[in-house]
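Undergrad: Handing you a structure now.
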Amino acid sequence: TKTQVVSAGPAGIVPNDQVACSPVETLAEMSPDGRYLAVVEAAALRLVQLDGGEEVFSLPRPAVRALAFSPKGTYLLTWEKLVEGEGDNLRLWRCADGGLVT
């Protein structure tokens with residue numbers, strides 16, 4: 025299922041039809057400083073820089089059920105339903121490059 029997403033930038037509001045969202049639910053969170061939008065799609069977790077709409081990173085984490093940014097928007101915390109044998113379900117990512125912190 026495709027969901028229309030719009031970005032506000034120097035050229036005004038621009039539609040972006042490249043985002044594929046889950047038909048069951050859409051999960052998105054904006055960073056406190058307004059720099060980033062984290063979106064859980066059908067196949068991945070994406071972080072998009074709102075000034076210009078560039079994708080910062082995309083991770084194959086479609087099972088994420090909760091998102092939270094650090095107060096300065098430096099880190100993104102994700103939570104997934106625990107699946108036995110798959111390790112940690114609470115992860116901390118660097119927003120600058122998508123690197124896993126813990």
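Just so we're aligned: 103 in the working numbering is position 79 of the sequence shown, and the numbers increase by one with no gaps anywhere. Ideal placement from N, C-alpha and C gives every residue a C-beta, glycine not left out.
Select from S55, L114, T98 the residue whose C-alpha is nearest the C-alpha of E104.
TA: Walking along the sequence shown from the start, residue 104 turns up at place 80. Residue L114 is the option with its Cα nearest to E104.
Undergrad: Looking at E65 and the ligand MG, is the gap between the Cβ and the nearest heavy atom below 7 Å?
TA: The ligand MG is not part of the structure shown, which contains no ligands of any sort.
Undergrad: Buried or exposed: S55, going by 16 or more other Cβ atoms within 10 Å of its Cβ?
TA: Working through the sequence shown from its first residue, we reach residue 55 at position 31. Per the 10 Å Cβ criterion, buried.
Undergrad: Suppose contacts are defined by Cβ-Cβ distances below 8 Å. Is F81 in contact with G111 by that definition?
TA: Sequence index remark: in the sequence shown, residue 81 carries index 57 (1-based). Sequence index remark: in the sequence shown, residue 111 carries index 87 (1-based). Not closer than 8 Å, so no.
Undergrad: Mapping DSSP to helix, strand and coil, what is S82?
TA: Here the question's residue 82 lines up with position 58 in the sequence shown. The answer is strand: DSSP assigns S82 an E or B state.
Undergrad: Does DSSP put R118 in a helix, in a strand, or in coil?
TA: On the sequence shown, position 94 is the one that residue 118 refers to. It is a strand residue.
Undergrad: Per DSSP, what are the beta-bridge partners of R70 in this structure?
TA: Indexing the sequence shown from 1 puts residue 70 at position 46. Its beta-bridge partners are V63, S82.
Undergrad: Against chain C, does V88 count as a neighbour if the rule is that its beta carbon must be under 8 Å from one of theirs?
TA: No chain C is present in this structure, which holds just one protein chain.
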